[in-house]
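Protein chains in written order, with the working numbering: chain P, 17 to 278; chain Z, 17 to 278.
We put the CB at the ideal spot given by N, CA and C, even for glycine.
Encoded as structure tokens, the structure appears first; notes follow it.
Set out below in structure tokens:
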């Protein structure tokens with residue numbers, strides 16, 4: 017998918033991380049969202065077995081991390097850096113939601129390198145580190161408890177970037193559109209065939225006939241109740257095969273199987 | 017903020033969680049996004065010191081978690097359950113992105129209880145658990161490595177819910193009430209009440225009984241066929257009143273009205 021290519025231009029930068037577990041969890045979060053460029057500025061413990069354990073299937077991302085002494089070194093070649101902040105700052109940085117940061121960042125990442133920069137677990141980004149960033153993103157957390165785990169914050173930012181990238185591709189959008197409209201069923205091999213109009217009408221006739229037979233519908237005024245049932249099945253967007261299942265029930269409603277034990 | 021009120025109608029349900037650390041991390045993820053209703057179905061270790069350690073400032077959410085033996089018990093009173101899946105399923109559950117799931121879920125959470133349901137770390141939700149859900153959400157992860165940590169998946173889902181709640185103001189939600197999600201139902205004055213989990217389960221029991229009675233289901237192996245029917249009705253998101261209509265049909269299927277002319 018071409019729309020995901022800009023993710024290769026995005027690096028995740030962790031500054032002075034205290035807990036190696038968070039470094040491992042970050043590697044895992046990155047890889048699940050399709051990110052691979054990992055930078056560690058002055059980590060307290062790296063490499064570390066706890067980091068490797070928590071990286072799970074993303075040890076490649078972890079092991080390829082680039083360690084630097086300063087944030088400036090980690091940003092070499094970057095055209096844009098987005099800092100993540102858990103708290104409001106006094107400085108006149110522009111603060112946006114992760115969604116808006118993703119939009120702005122991805123636009124630049126089409127052609128140039130960018131960075132997402134995360135501070136320490138305890139105090140976030142220092143003012144000096146913030147000065148290296150062009151944009152500040154803040155996850156709109158619960159004001160009564162806004163302390164996301166570091167790797168969780170990375171997961172959310174990477175997720176937003178990936179979602180935005182996927183939305184960009186025109187074909188992807190078309191696919192998503194169908195998902196929303198059709199309720200994106202999981203196609204069995206060969207795909208699922210929705211019932212067509214004739215199938216549906218045959219089913220509705222069969223249903224009406226059966227409901228008259230069992231005395232559910234009043235033959236004098238069957239309309240209102242039946243309309244409600246039609247609407248219910250319309251919402252389900254029946255598949256061809258499901259029509260067959262339902263009509264099988266209708267047939268047996270009128271003529272139950274002789275060998276039924278019930 | 018009034019727009020965040022529906023979050024109180026949303027419960028996070030973890031099924032058969034293996035690692036207590038994930039339970040603690042989930043509590044923290046929940047609280048940072050403003051969620052508090054935590055259900056644990058058959059957890060392997062709870063309470064546990066590791067869970068408490070990772071819950072950090074969210075020990076209140078952790079300590080107030082409700083433990084149940086079955087998923088059905090955890091869903092008592094819920095009108096809608098969204099299951100999270102990491103993999104494509106063969107059966108025809110509706111699968112959407114977390115963003116679309118958040119939209120649909122929050123709309124119902126305006127007035128009724130809903131649940132986000134997460135499976136085990138190793139294998140996700142079982143088919144039986146999936147059958148208790150009306151919608152499946154899938155985080156569009158890297159197909160080469162799609163294994164998000166459990167608590168990370170909770171963080172992403174809760175983040176989407178919170179973002180969507182913040183984006184909506186009350187009036188906008190009211191306007192939305194009639195469209196997309198409910199398949200364009202005509203909202204009766206006073207709104208539509210969706211069937212809750214118990215209504216649904218009673219309907220499914222009644223349906224199964226009736227289908228056995230007419231000889232449609234094979235008493236020796238009723239499972240597969242019945243699952244398909246459950247999924248069909250799950251997609252329709254049945255209203256309370258529709259359940260009554262359908263159960264009326266089932267009753268007459270077994271005992272047709274004497275005065276029927278057919």
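Residue i vs residue j beta-carbon contact at 7 Å
i, j, result
"residue 125/Z", "residue 25/Z", "yes"
"residue 110/Z", "residue 31/Z", "no"
"residue 224/Z", "residue 242/Z", "yes"
"residue 93/Z", "residue 260/Z", "no"
"residue 50/P", "residue 71/P", "no"
"residue 269/P", "residue 269/Z", "yes"
"residue 235/Z", "residue 228/Z", "yes"
"residue 118/Z", "residue 177/Z", "yes"
"residue 251/P", "residue 252/Z", "yes"
"residue 164/P", "residue 48/Z", "yes"
"residue 155/P", "residue 133/P", "no"
"residue 209/P", "residue 256/P", "yes"
"residue 69/P", "residue 112/P", "no"
Proximity winner among the options, relative to residue i (alpha-carbon distances)
i, options, result
"residue 151/P", "101/P, 168/P, 160/P", "101/P"
"residue 29/P", "226/P, 91/P, 72/P", "91/P"
"residue 38/Z", "212/Z, 31/Z, 67/Z", "67/Z"
"residue 98/P", "135/P, 75/P, 33/P", "135/P"
"residue 45/P", "174/P, 147/P, 84/P", "174/P"
"residue 231/P", "160/Z, 215/Z, 265/Z", "265/Z"
"residue 79/P", "65/P, 210/P, 86/P", "65/P"
"residue 149/P", "159/P, 162/P, 179/P, 87/P", "87/P"
"residue 114/P", "169/P, 233/P, 48/P, 247/P", "169/P"
"residue 53/Z", "74/Z, 60/Z, 61/Z, 158/Z", "74/Z"
"residue 254/P", "248/Z, 267/Z, 256/Z, 255/Z", "248/Z"
"residue 273/Z", "233/P, 237/P, 20/P", "233/P"
"residue 20/Z", "256/Z, 179/Z, 208/Z, 143/Z", "179/Z"
Residue i Cβ short of 6 Å to the ligand FAD heavy atom set
i, result
"residue 152/Z", "In the structure shown, the ligand FAD is absent, as is every other ligand, since no ligand is present at all."
Residue i classed as buried or exposed, judged by whether at least 16 other C-beta atoms fall within 10 angstroms
i, result
"residue 184/Z", "buried"
"residue 36/Z", "buried"
"residue 121/P", "buried"
"residue 27/Z", "buried"
"residue 42/Z", "buried"
"residue 82/Z", "exposed"
"residue 258/Z", "buried"
"residue 160/Z", "exposed"
"residue 158/Z", "buried"
"residue 129/Z", "buried"
"residue 237/P", "exposed"
Chain-order list of residues whose beta-carbon lies under 8 Å from that of residue i (same chain, five-residue window excluded)
i, result
"residue 84/P", "55, 56, 57, 58, 90"
Same chain only: Cβ atoms within 6 Å of residue i, ignoring 5 sequence neighbours per side
i, result
"residue 137/P", "34, 166"
"residue 141/P", "99, 135"
"residue 77/Z", "43, 46, 47, 52, 54"
"residue 61/P", "36"
"residue 139/P", "none"
Neighbourhood of residue i by C-beta, 7 Å cutoff - its chain only, sequence neighbours within 5 removed
i, result
"residue 22/Z", "122, 125, 126, 181"
"residue 263/P", "219, 222"
"residue 214/Z", "92"
"residue 147/Z", "243, 246"
"residue 162/P", "102"
"residue 226/Z", "266, 269, 270"
*For the stretch 75-146 of chain P, which segments carrying the alpha helix (DSSP H) assignment without a break, of at least 4 residues, lie completely within its bounds, in sequence order?*
75-79, 87-90, 114-125, 143-146
*asked:* My parser needs the alpha helix (DSSP H) runs of 4 or more residues fully inside the stretch 231-261 of chain P; what are they?
replied: Entirely contained in the stretch 231-261 of chain P, the alpha helix (DSSP H) runs reaching 4 residues are, in chain order, 239-252.
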